[in-house]
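Peer 1: Under the numbering used here, the first residue of the sequence shown carries the number 1, and numbering increases by one thereafter. Each residue gets a CB set at the ideal place from its N, CA and C atoms; glycine is no exception. Take a look at this one; I'll ask things after.
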Amino acid sequence: MTEIAKALTVAGTDPSGGAGIQADLKTFQEIGVYGMSVITSVVSQNSLGVKSFVDLELDFVESQFDAVFEDIPPNAVKSGMLSNPNVMALTARKLKEANVANYVLDPVMIASSGHALISETAREKIAKELLPLATVVTPNLPEAEALTNREIKTIDDMKEAGRVLVEDYGVNAALIKGGHYEGEADDYLYDGQTFEKFSAERFDTKHTHGSGCTYAAVITAGLANGKPLYKAVKDGKAYITAAISNPLNIGKGQGPTNHWGHRWSEVQPTTKV
Ligand SMILES: Nc1ncnc2c1ncn2[C@@H]1O[C@H](COP(=O)(O)OP(=O)(O)OP(=O)(O)O)[C@@H](O)[C@H]1O
Ligand SMILES: Cc1ncc(CO)c(N)n1
Numbered sequence: 001m002t003e004i005a006k007a008l009t010v011a012g013t014d015p016s017g018g019a020g021i022q023a024d025l026k027t028f029q030e031i032g033v034y035g036m037s038v039i040t041s042v043v044s045q046n047s048l049g050v051k052s053f054v055d056l057e058l059d060f061v062e063s064q065f066d067a068v069f070e071d072i073p074p075n076a077v078k079s080g081m082l083s084n085p086n087v088m089a090l091t092a093r094k095l096k097e098a099n100v101a102n103y104v105l106d107p108v109m110i111a112s113s114g115h116a117l118i119s120e121t122a123r124e125k126i127a128k129e130l131l132p133l134a135t136v137v138t139p140n141l142p143e144a145e146a147l148t149n150r151e152i153k154t155i156d157d158m159k160e161a162g163r164v165l166v167e168d169y170g171v172n173a174a175l176i177k178g179g180h181y182e183g184e185a186d187d188y189l190y191d192g193q194t195f196e197k198f199s200a201e202r203f204d205t206k207h208t209h210g211s212g213c214t215y216a217a218v219i220t221a222g223l224a225n226g227k228p229l230y231k232a233v234k235d236g237k238a239y240i241t242a243a244i245s246n247p248l249n250i251g252k253g254q255g256p257t258n259h260w261g262h263r264w265s266e267v268q269p270t271t272k273v
């Protein structure tokens with residue numbers, strides 16, 4: 001009997017269930033991968049925005065890493081909100097010690113609602129310590145701009161950011177997400193050799209809270225299942241597109257995406273006639 005694939009997310013929380021740890025675990029579960037989590041920060045937030053957060057102490061974050069790695073080694077790891085530069089350095093050290101082969105780095109800096117989730121000084125730690133370890137980094141446009149210190153206005157700029165991240169910063173591959181771009185919701189993957197475009201029509205919806213977390217979590221689950229990066233991203237794009245195009249329509253602000261979107265017709269309540 002083959003063993004179930006296991007995935008670990010290292011991130012902050014969302015009590016309203018749309019982003020962060022909660023989104024990641026829901027995604028792992030939906031895909032059929034065993035999900036685990038290391039919590040870096042407890043964030044009070046919902047579809048209307050971030051209210052406050054409490055960063056967990058470094059020793060306690062380390063203890064969670066040890067609890068996971070000494071017991072159930074994951075096949076793939078995803079990081080989202082890493083609360084401060086020390087947590088970033090710790091994550092880099094733990095990934096190296098555990099010899100993690102598949103690592104998806106979602107460089108969460110700013111929530112789509114515009115609230116800063118981590119300090120600007122952390123940027124350098126991501127660049128120097130985490131990027132060289134990652135199988136793929138998944139910035140949205142503002143994150144790609146911040147990481148590369150370049151303005152991104154055109155598709156060519158998006159591709160150039162991907163190239164800079166791979167060739168200058170040493171990440172294995174970069175997926176620049178076009179959710180914040182005008183026009184179609186197209187993302188560009190650069191792996192040092194070729195650019196691949198992952199396209200979707202842009203849906204007219206505000207319910208995209210946690211879309212970046214969910215997308216990166218599907219990619220992580222795919223890698224945990226042994227898929228090559230291209231296939232993991234392709235499946236991720238299909239999942240997130242379905243999750244955005246079939247909104248649950250819950251939440252007073254920018255509501256969560258729909259984890260059953262890809263099988264929405266099966267789970268929609270039927271109307272009795
Ligand atoms: N309105 C939309 N219609 C279709 N796809 C979208 C839409 N908005 C975002 N996407 C897609 O969703 C995925 C997540 O992209 P995005 O750039 O929004 O991430 P993000 O800003 O990190 O998300 P968040 O911070 O909300 O978690 C990408 O594949 C993007 O192309
Ligand atoms: C904890 C957390 N991570 C990431 C995001 C970005 O969506 C968020 N809103 N909250």
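#1: Buried or exposed: which applies to GLN254, given that a residue is buried once 16 or more other Cβ atoms fall within 10 Å of its Cβ?
#2: Can the beta-carbon of ILE21 be found less than 8 Å from the beta-carbon of THR2?
#3: Distance check for PHE28 and GLY162, CA to CA, integer angstroms please.
#4: Taking the alpha-carbon positions, what's the TYR181 to GLY251 distance?
#5: Report yes or no: do three or more beta-carbon pairs, one from the segment 96-107 and one from the segment 123-138, lie closer than 8 Å?
#6: Unbroken beta strand (DSSP E) runs of length 3 or more, entirely within the segment 54-80: which are they?
#7: Using a 10 Å radius around the Cβ and a threshold of 16 neighbouring Cβ atoms, would you call SER340 buried or exposed?
#8: Measuring only the C-alpha atoms, how far is TYR239 from PHE203?
#9: Whether or not the segment 225-244 and the segment 139-153 are in contact is what I'm after, with contact meaning three or more pairs of Cβ atoms, one per stretch, closer than 8 Å; do they touch?
#10: For the beta strand (DSSP E) containing GLY12, name the first residue and the last one.
#11: Please classify THR121: is it buried, with 16 or more other beta-carbons within 10 angstroms of its beta-carbon, or exposed?
#12: Whole angstroms are fine: how far does the CA of LYS51 sit from the CA of SER112?
Peer 2: Quick look at the numbers:
#1: Classification of GLN254: buried, given that the 10 Å Cβ count is 16 or more.
#2: Taking 8 Å as the Cβ cut-off, ILE21 and THR2 do not qualify as a contacting pair.
#3: 27 Å
#4: 24 Å
#5: yes
#6: 76-79
#7: Examination of residue 340 is not possible in this model, given that the chain is present from 1 through 273 alone.
#8: A straight-line Cα-Cα distance of about 14 Å links TYR239 and PHE203.
#9: no
#10: For GLY12, the uninterrupted beta strand (DSSP E) run begins and ends at 6-12, by DSSP.
#11: exposed
#12: Only weak support is given to the placement of SER112: the predicted model assigns it a pLDDT of 49, under 50, and the question is left unresolved by the model.
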